[in-house]
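Structure record follows, encoded as structure tokens.
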Amino acid sequence: MKQQLKSLTQTQGFAVLTLVLGILVIWYIAALLMNGNQMINMLERTGQSWTYIQVLQGAYSIQRPPLPVPHQVAMELYQSVFNQAVTSRRSLVYHSMITLESTLLGFALGSLLGILIAVGIVHNRTLDASLMPWVIASQTVPILAIAPIVVVVLGSMNLTGVLPKAMISMYLSFFPVVIGMVKGLRSADKLHTELMITYNASAQQMFWKLRWFSAQPYLFASLKIAISAALVGAIVAELPTGAQGGLGARLLSGSYYGQTVQIWAALVISALLGWALITLVGMAERLVLNRRGLRG
Amino acid sequence: MNRLLTPLAICILLAQTWIALHLPKGFYQDSFLLPVLLIALLAAAHLMSRLTALADSGRPWQRPCQLAVPTLFGLMILLVWEAIVRGYDVPLVLMPEPSRVFVTLGNNLPLLWADFQQTYLKAVLAGYLMGCGLGFVAAKLVVRSPFLQKGLLPLGNFMASIPIIGIAPIMVMWFGFDWQSKAAVVVVMTFFPMLINTVAGLRSVDPLHADLMHTYAAGKGQIFFKNQLPQAMPFIFNALKLNSTLALIGAIVAEFFGTPIVGMGFRISAEVGRMNMDMVWATIFVAALAGSLSYGALALLERRVTFWHPSVRRER
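What follows is the structure, encoded as structure tokens:
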């Protein structure tokens, strides 16, 4: 029994669970301090006398708290996910769908662009010398700063809705794919490459029969980074478009009206979304690589 | 034939530059000049492939040629941008031409400097130093305890997958409109990459090296500074470089949520509202320059500090 207990405490799940519990405890204490202060201020302003029990109750239930506690956020999540029609503007599912749409479109476009650029760079020395430095430089530019402009410019060319946001996701997600694919396409086994040369394989055959497969593990590693970058891009791109919907718009409107619980709920949903998307790519990776006998 | 082609290409490029800069606006709308642009693109491609060949040839010109190829590529993009915007007389609201952006940049240097000070020198720098410092210290603590390693790393990986930028409105609410709230966003954004990378770096120590240090009877401080830290440096620099971009993004985006009337994020959103696209692009240029220079400086520092690493050594 004691042995079992000891081995249980050494598992990863136990460690993660303990830390999460610890964070929750700290969260509640911090909320008590931050919200309690505001509660005391509020009561003193109205000239009431206050007791500690009043403050304790108030700290976990006031409207628009500086730091909402987890059960408040969970309530808000439950309310806005299950108790609203999916098409309602109050439903987080509605907003998540809008964000998800531009994330996925941007991710698809960005991955495609990234693969094409990588293929060009690997096959053409001039492109390698001229384009590669700019691909790297493009990421030292704070891309998200361009987000409002891209949205405004494309909007004035009558391109509204999902496409401008997808463009920003695309810009963020093409980079890891280019870097990963260039490395992957060049990582073909030397013996295999020489074998292909002795078979007098053309560049095309070399690509489809050897390089494409050597690049796959690198491609999936890049896709995981790319899809979370695409989600960030979509959320930030929704900030300047205002009230059109999406998790970013939800964050902005929450910050305008001081609805802290709403902000936290949107944050939790976007975190879950990011985690789910990466898990999906990971599953695809295992599916493809397992078939080739590689461990995913 | 080849000898003639190169001067010809240079001439075509110069002619195209003259067309783009000196003809009155709208010159593409009803004229025969558009094919010239295409020919100029081909000429630039030819020049670049010649330069690449020179750069690979191993002659004494090698180094400047390696720099010239990407420079030419960048100039070509500016040229096409300028030609299209001026040639089709694209309204300023949509897209300013690069020459105009640079003129605006020159005319508004004091204003842009004030924005740069507010966003970069205050928010980004303070947040970056604190975030990276805290990440490093946390990593040092985590590495010591297997329990924390097991528990914190999955949480850190989870945090890396979520859009942390979303905490910006909360930080603005907590720390007010001034630069402190932006610095707080930067701290949170830079903390996790630094933590994960430093832990990976400190754990990458070769067991043989650790045993060697042990046989030398090295103290804890000696083991850390002479073995673990140098081993971790490539990982740490990866995080530092990644964070330098993240920090700038975090600070600028946080300014969209509320700011005093100075700062790069404020300038961008305010000038977009007033349709002053040239000013917006000038601010972006400043941000891009700041981002690239800090990345470049870190890369240089990395070469100095990790001179022994294969990825640096090979290039000599």
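The listed protein sequences derive, respectively, from chains A and B.
By the count of the numbering used here, the first sequence reaches residue 296 at its end, each step adding exactly one.
By the count of the numbering used here, the second sequence reaches residue 316 at its end, each step adding exactly one.
Don't be surprised by glycine CBs; every beta carbon is placed ideally from N, CA and C.
Identification of chain B residues near residue 235 of chain A by a Cβ-Cβ cut-off of 9 Å yields 163, 165 and 166, ordered along the chain. Taking C-beta separations shorter than 7 Å and ignoring five residues to either side along the sequence, the partners of residue 84 of chain A in its chain run 90 and 91, following chain order.
Sixteen is the threshold: since fewer than 16 other Cβ atoms of the shown chains lie within 10 Å of the Cβ of residue 32 of chain B, the residue is exposed.
Annotated three-state conformation of residue 216 of chain B is coil, per DSSP.
In this structure, DSSP gives residue 238 of chain A a state outside helix and strand, which the three-state scheme calls coil. Contacts with chain A at 8 Å (Cβ-Cβ) include residue 70 of chain B. Judged by DSSP in its simplified three-state form, residue 201 of chain A adopts coil rather than helix or strand. Between the stretch 162–171 of chain A and the stretch 102–113 of chain A, the count of Cβ pairs shorter than 8 Å is three or higher; the stretches touch. With a beta-carbon spacing of about 19 Å, residue 98 of chain B and residue 133 of chain A fall beyond the 8 Å limit used to define contacts. Neighbourhood of residue 254 of chain A in chain B, by CB distance below 8 Å: 169, in chain order. Within its own chain, the residues whose Cβ lies closer than 6 Å to the Cβ of residue 238 of chain A, once the five positions on either side in sequence are excluded, are 246, 248 and 249, listed in chain order. Ranking A/24, A/2, A/228 and A/14 by CA distance to the CA of residue 272 of chain A puts A/228 first. Linking residue 8 of chain A to residue 28 of chain A through their CA atoms gives a straight-line distance of about 27 Å.
The beta carbons of residue 70 of chain A and residue 173 of chain B sit no closer together than 8 Å.
Separation of residue 79 of chain A and residue 45 of chain A (C-alpha to C-alpha, rounded to the nearest whole angstrom) is 32 Å. Proximity of chain A to residue 150 of chain B at the Cβ level (cut-off 7 Å) is accounted for by 12 and 15, in chain order.
Around the beta carbon of residue 215 of chain B, a 10 Å sphere encloses fewer than 16 other beta carbons of the protein chains shown; the residue is thus reported as exposed.
Secondary structure at residue 181 of chain A: helix, using DSSP grouped into helix, strand and coil. The Cβ-Cβ distance between residue 274 of chain A and residue 173 of chain A does not fall below 8 Å.
Across the set A/161, A/153 and A/54, the C-alpha of A/161 shows the shortest separation from the C-alpha of residue 98 of chain A. Taking a C-beta cut-off of 7 Å against chain B, the contacting residues of the stretch 116–137 of chain A are 125, 126, 129, 130, 131, 133, 134 and 137, listed in chain order. By the neighbour-count definition (other C-beta atoms within 10 Å, threshold 16), residue 267 of chain B is a buried residue. Counting along the chain, no alpha helix (DSSP H) covers residue 208 of chain A, and no H or E run does either. Residue 194 of chain A is classed as exposed because its beta carbon has fewer than 16 other beta carbons within 10 Å across all chains shown. Rounded to the nearest whole angstrom, the C-alpha separation of residue 146 of chain B and residue 154 of chain B is 13 Å. If the five residues before and after residue 231 of chain A are omitted, its C-beta is found closer than 6 Å to the C-beta atoms of 103 and 274, all from its own chain and listed in chain order. Residue 22 of chain B is classed as exposed because its beta carbon has fewer than 16 other beta carbons within 10 Å across all chains shown.
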